[in-house]
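Read the structure below first, then the notes.
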Amino acid sequence: MKLSLKIKLPVFIIVGLAQWLVPAQMIAKREKVLQKGSTFRFLTEPVDPTNPFIGKYITLNFQDEVALVPQSHSFEKDQTVYVLLQNDSAGFAHISGVTAEEPTSKTDYVKAKVKFLSNYSDNDSVEMNIDYPFDEYYMEEHKAPKAEEEYRKANQDSTKFTYAQVKIWKGMAVTEDIFINNEPLNSFFK
Amino acid sequence: MNKPLLKDLQELVDANIISVDTARQITEYYQAKENAPSNKFNLVLGILGAILLGSGVILLVAHNWDIFNRFTKTILSFLPLAIAQAICIYTIARKRESRVWQEGSATFLFLTVPASIAMISQIYHVDGDLSTFLLTWLMLTIPIIYLQGSSIVSLLVIAILTWYGVEIGYHSLFSSAVTHYPYMYVILLLCLLPWYYLLAKRNSAGNFFHLHNWVLAISFIVILGTFSISGGNHNWVFGGYMSLFGLYYSLGNTTYFRDNKLRSNPFRVLGMAGILAIAIAWTFQSIWSERYHEQENSIWESPLWYITILMLIVSGWLIFRNTKNSSTKYDVTASSPYLFWLLLVMPGDNSIAGSFIMNCWVIVIAIYFIRKGSIQNHLGILNFGLLIIAVLATFRFFDNSILFIWRGIFFVVAGTGFFAANYLLLKRRRSLIPNTNA
Numbered sequence: 004m005k006l007s008l009k010i011k012l013p014v015f016i017i018v019g020l021a022q023w024l025v026p027a028q029m030i031a032k033r034e035k036v037l038q039k040g041s042t043f044r045f046l047t048e049p050v051d052p053t054n055p056f057i058g059k060y061i062t063l064n065f066q067d068e069v070a071l072v073p074q075s076h077s078f079e080k081d082q083t084v085y086v087l088l089q090n091d092s093a094g095f096a097h098i099s100g101v102t103a104e105e106p107t108s109k110t111d112y113v114k115a116k117v118k119f120l121s122n123y124s125d126n127d128s129v130e131m132n133i134d135y136p137f138d139e140y141y142m143e144e145h146k147a148p149k150a151e152e153e154y155r156k157a158n159q160d161s162t163k164f165t166y167a168q169v170k171i172w173k174g175m176a177v178t179e180d181i182f183i184n185n186e187p188l189n190s191f192f193k
Numbered sequence: 002m003n004k005p006l007l008k009d010l011q012e013l014v015d016a017n018i019i020s021v022d023t024a025r026q027i028t029e030y031y032q033a034k035e036n037a038p039s040n041k042f043n044l045v046l047g048i049l050g051a052i053l054l055g056s057g058v059i060l061l062v063a064h065n066w067d068i069f070n071r072f073t074k075t076i077l078s079f080l081p082l083a084i085a086q087a088i089c090i091y092t093i094a095r096k097r098e099s100r101v102w103q104e105g106s107a108t109f110l111f112l113t114v115p116a117s118i119a120m121i122s123q124i125y126h127v128d129g130d131l132s133t134f135l136l137t138w139l140m141l142t143i144p145i146i147y148l149q150g151s152s153i154v155s156l157l158v159i160a161i162l163t164w165y166g167v168e169i170g171y172h173s174l175f176s177s178a179v180t181h182y183p184y185m186y187v188i189l190l191l192c193l194l195p196w197y198y199l200l201a202k203r204n205s206a207g208n209f210f211h212l213h214n215w216v217l218a219i220s221f222i223v224i225l226g227t228f229s230i231s232g233g234n235h236n237w238v239f240g241g242y243m244s245l246f247g248l249y250y251s252l253g254n255t256t257y258f259r260d261n262k263l264r265s266n267p268f269r270v271l272g273m274a275g276i277l278a279i280a281i282a283w284t285f286q287s288i289w290s291e292r293y294h295e296q297e298n299s300i301w302e303s304p305l306w307y308i309t310i311l312m313l314i315v316s317g318w319l320i321f322r323n324t325k326n327s328s329t330k331y332d333v334t335a336s337s338p339y340l341f342w343l344l345l346v347m348p349g350d351n352s353i354a355g356s357f358i359m360n361c362w363v364i365v366i367a368i369y370f371i372r373k374g375s376i377q378n379h380l381g382i383l384n385f386g387l388l389i390i391a392v393l394a395t396f397r398f399f400d401n402s403i404l405f406i407w408r409g410i411f412f413v414v415a416g417t418g419f420f421a422a423n424y425l426l427l428k429r430r431r432s433l434i435p436n437t438n439a
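Structure below.
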């Protein structure tokens with residue numbers, strides 16, 4: 004296409020800036036969460052798959068990912084929900100409620116999706132399984148399989164427990180680290 | 002340019018046989034001819050180099066370098082992007098005439114954009130929703146096509162866009178959950194329309210135009226199924242695909258594409274192959290009775306239905322135009338979708354009639370090509386027609402619903418036909434040769 008340099012260059016600069024802006028705003032949003040967010044610890048069960056672009060990660064299956072909602076609920080599978088969180092006496096995260104509307108008075112909530120709903124007839128409520136947006140923890144490629152092995156060992160030992168430490172602020176979440184018995188996962192490779 | 006020729010030219014000028022102008026024109030002609038292939042070669046090398054380099058960057062990023070802290074990683078994630086952008090700006094400002102620079106720099110930039118997003122995702126453990134990732138990547142890179150004039154980026158965009166469509170569309174197609182249609186596929190593809198138009202207008206005989214046709218034709222085949230309804234009656238989808246292949250076939254036979262070689266006419270090749278594949282699949286009685294037991298009209302609710310109607314209308318119009326602009330007889334193959342739909346919507350259990358008519362129809366198509374090959378004295382077309390019969394025969398050989406005696410007769414007739422048709426055509430050729438010699 005015969006566009007003159009006068010048009011091409013400024014347009015390219017705008018496109019180029021957009022190419023910077025997208026990753027930059029990804030950073031900015033998450034840095035804000037790391038600064039302002041509250042820390043939650045989620046008990047986990049990891050395994051290791053691959054994303055073609057981002058690399059090796061361990062999938063975190065959270066122990067506390069079920070919320071009880073009344074039978075008369077109007078939630079659907081794949082729907083976006085806001086999960087309200089609070090720490091229990093042992094210092095681990097627990098779901099204190101789920102809403103379809105974004106809370107305005109609190110900051111300790113995370114935007115998630117409904118994985119599935121299971122209905123038990125002997126109960127007044129329905130179990131809602133939640134798909135957290137922080138269930139992938141990226142690691143250096145040769146460490147991810149080892150991390151999974153380390154986890155399996157910890158799992159066989161009933162005295163050990165694994166958890167993800169996550170900063171949460173106004174719906175967004177950033178995973179800081181994974182711990183096995185209060186030791187960061189990376190410390191097992193040193 | 003070779004030296005003896007230059008010397009000869011000088012000699013001819015000196016002897017006043019040709020003028021200085023003519024000598025210059027001859028020199029220029031040979032120089033241009035010499036430059037053309039090497040330019041093409043350089044272009045291919047430049048593009049391949051950029052693709053390898055860019056993919057290498059993506060893979061290196063995916064390794065996830067623990068030795069760097071978060072700050073260093075963040076800087077590094079922008080580094081390939083910054084380098085690629087700098088090369089692109091240099092190309093826009095200084096290398097505007099060089100195709101190698103344009104295509105190479107654009108391809109490299111196209112691949113560094115996802116690398117930087119991936120690295121940020123890695124640093125902050127951003128949940129990798131692949132379809133959103135692909136969509137962001139495409140929206141940030143589609144302008145490069147127009148700014149750098151890059152056909153390779155345009156082809157890569159179509160490929161990635163197809164991947165996106167598959168991610169969105171086929172993800173939950175076979176479950177009864179909510180169906181997601183890849184509407185963004187259509188919208189982003191429309192953004193490529195001006196570029197495609199430019200390619201067609203500027204150089205419709207060029208390799209890039211043919212490559213676009215191939216990639217687009219394959220992409221549509223892949224994506225069409227995503228517009229069907231999830232958990233519905235999948236037999237209707239065959240009708241949709243038959244209409245697409247019919248449209249391809251008629252498009253490949255328009256005056257615009259008709260005279261192209263097969264390798265530069267993807268519409269005719271894929272259309273023909275698709276029509277035959279579906280037609281032959283539906284010569285089996287079992288697929289018809291399955292359709293009867295699955296009667297369900299969920300197709301009305303899916304966009305595929307409306308796309309199909311549109312395709313049938315457009316191919317009807319193309320068939321009308323093609324017949325008007327052609328001296329040859331009406332091409333029966335093009336009307337396959339109409340017959341197929343007629344049989345599909347027929348109420349009741351028509352499994353025997355359906356499979357019988359489809360068998361006949363495949364034979365009709367085969368005969369059309371045998372006849373065409375014989376009229377045009379073209380062994381390739383003739384044997385293509387015979388090949389269709391051979392394939393059909395192979396399937397029927399194992400079809401136990403037909404009596405052995407009928408199968409036997411069909412085979413003997415088909416085999417004799419093979420020999421007879423080839424023999425007659427060769428005989429006619431031999432009789433034509435002495436005529437032309439005389």
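So the protein sequences, as listed, match chains A and B. Residues in the first sequence are numbered from 4 upward in steps of one, following our numbering. Residues in the second sequence are numbered from 2 upward in steps of one, following our numbering. Heads up, the beta-carbon is just placed ideally off N, CA and C, and yes, glycines get one too.
- request: Just mark B:Phe42 as buried or exposed, buried being the case when its beta carbon has 16 or more other beta carbons within 10 Å.
  value: exposed
message: If I measure Cβ to Cβ from B:Thr113 and keep anything under 7 Å in the same chain, skipping five residues before and after, which residues do I get?
response: Gly55, Val58, Pro81, Leu82 and Ala85
query: First and last residue of the beta strand (DSSP E) that includes A:Val69?
result: Val69 to Pro73
- request: Run the CB neighbour count on B:Glu12, radius 10 Å, all protein chains shown included, and call it buried at 16 or more, exposed below.
  value: exposed
query: Looking at C-beta atoms only, is the number of pairs between the stretch 254-265 of chain B and the stretch 346-354 of chain B that lie closer than 8 Å three or more?
result: no
message: At the level of alpha carbons, what is the spacing between B:Arg397 and B:Leu319?
response: 34 Å
field: Where A:Glu143 sits in the DSSP three-state scheme
entry: coil
message: Check for me: the beta strand (DSSP E) holding A:Asn90 runs from which residue to which?
response: Run containing A:Asn90: Thr83 to Asn90, per the beta strand (DSSP E) assignment.
field: Listed by chain order, chain A residues near B:Leu148 by CB distance under 7 Å
entry: Lys11, Val14, Phe15 and Val18
- request: Compare the C-beta of B:Ile90 with all C-beta atoms of chain A and state if any pair is closer than 8 Å.
  value: Interface residue, yes.
query: Is it buried or exposed for A:Lys39, if we count other Cβ within 10 angstroms and need 16 for buried?
result: exposed
Cβ separation of A:Val72 and A:Ser121, assumed to be a contact under 8 Å, to the nearest whole Å: Contact flag wrong, Cβ pair sits at about 11 Å.
task: Return the residues of the stretch 85-113 of chain B that lie within a Cβ-Cβ distance of less than 7 Å from chain A, sorted by chain order.
output: Gln86, Cys89, Ile90, Ile93 and Ala94
- request: Return no unless some Cβ of chain B is closer than 8 Å to the Cβ of A:Ile98.
  value: no
message: Can you list, in chain order, the residues of its chain with a C-beta nearer than 6 Å to that of B:Thr421? Leave out the 5 residues immediately preceding and following it.
response: According to the sequence displayed, residue 421 of chain B carries Ala and not Thr. There are no such residues.
field: Coil, strand or helix - A:Lys170 by DSSP
entry: Three-state result, A:Lys170: strand.
task: For A:His97, write down the residues that DSSP places opposite it in a beta bridge.
output: Looking at the DSSP assignment, A:His97 forms a beta bridge with A:Gln89.
field: Touch test, the stretch 335-344 of chain B against the stretch 239-247 of chain B, Cβ-Cβ under 8 Å, three pairs minimum
entry: Contact between the stretch 335-344 of chain B and the stretch 239-247 of chain B is present: three or more C-beta pairs spanning the two stretches fall below 8 Å.
- prompt: Quick one: which chain A residues come within Cβ less than 7 Å of B:Leu141?
  reply: Ala21, Gln22 and Val25
- prompt: The beta strand (DSSP E) with A:Asn189 in it runs from where to where?
  reply: Note, A:Asn189: premise wrong, no beta strand (DSSP E); not H, not E.
query: Would you call A:Ala147 buried or exposed, if buried means 16 or more other Cβ atoms sit within 10 Å of its Cβ?
result: buried
message: Just to make sure I have the definition right: I need the residues of chain B whose C-beta is within less than 9 Å of the C-beta of A:Lys59. Which are they?
response: Ala63, His64 and Asn65
query: If we ignore side chains and look at the alpha-carbon of each, how far apart do B:Asn423 and B:Leu380 end up?
result: 8 Å
query: Measuring CA to CA, which of A:Lys109, A:Leu37 and A:Gly19 is closest to A:Thr178?
result: A:Leu37
- prompt: Roughly how many whole angstroms lie between the Cα atoms of B:Ser177 and B:Glu291?
  reply: With a pLDDT of 47 at B:Ser177, under the threshold of 50, the predicted position of this residue should be treated as unreliable, though the coordinate-derived value follows. In a straight line, the C-alpha of B:Ser177 is about 20 Å away from that of B:Glu291.
task: Taking B:Leu305 as the reference, give the member of B:Asn17, B:Lys74 and B:Phe239 with the closest Cα.
output: B:Phe239
message: Run through chain B and tell me which residues come within less than 8 Å of A:Pro148, C-beta to C-beta.
response: Going along chain B, no residue has its Cβ under 8 Å from A:Pro148, so there is no contact; the nearest lies around 13 Å.
message: For chain A, check one thing: does any of its Cβ atoms lie closer than 8 Å to the Cβ of B:Phe419?
response: no
- prompt: If we count the other Cβ atoms within 10 Å of its Cβ and call it buried at 16 or more, is B:Ile224 buried or exposed?
  reply: buried
task: Confirm, please, whether the CB-CB distance from B:Arg100 to B:Leu44 is below 8 Å.
output: yes
- prompt: What are the complete alpha helix (DSSP H) segments, minimum 4 residues, inside the stretch 251-318 of chain B?
  reply: 267-282 and 286-294
- request: With a cut-off of 8 Å on the beta carbons, I'd call B:Ala440 and B:Phe268 a contact; round off their distance for me.
  value: As shown, chain B starts at 2 and ends at 439. That puts residue 440 of chain B outside it, with no answer to give.
message: Please report the straight-line C-alpha distance between B:Met273 and B:Gly253, rounded to a whole angstrom.
response: 10 Å
query: With contact counted as at least three CB pairs below 8 Å, one residue from each stretch, are the stretch 14-21 of chain A and the stretch 130-150 of chain B in contact?
result: Look at the beta carbons and you see the stretch 14-21 of chain A touching the stretch 130-150 of chain B: at least three pairs across the two are nearer than 8 Å.
message: Looking only at its chain, what residues have a beta carbon closer than 8 Å to the beta carbon of B:Ala444, apart from the 5 residues adjacent to it on each side?
response: Residue 444 of chain B lies beyond the range of chain B shown here (2 to 439); nothing can be said about it.
field: Exposure of B:Trp407, with buried meaning 16 or more beta-carbon neighbours within 10 Å
entry: exposed
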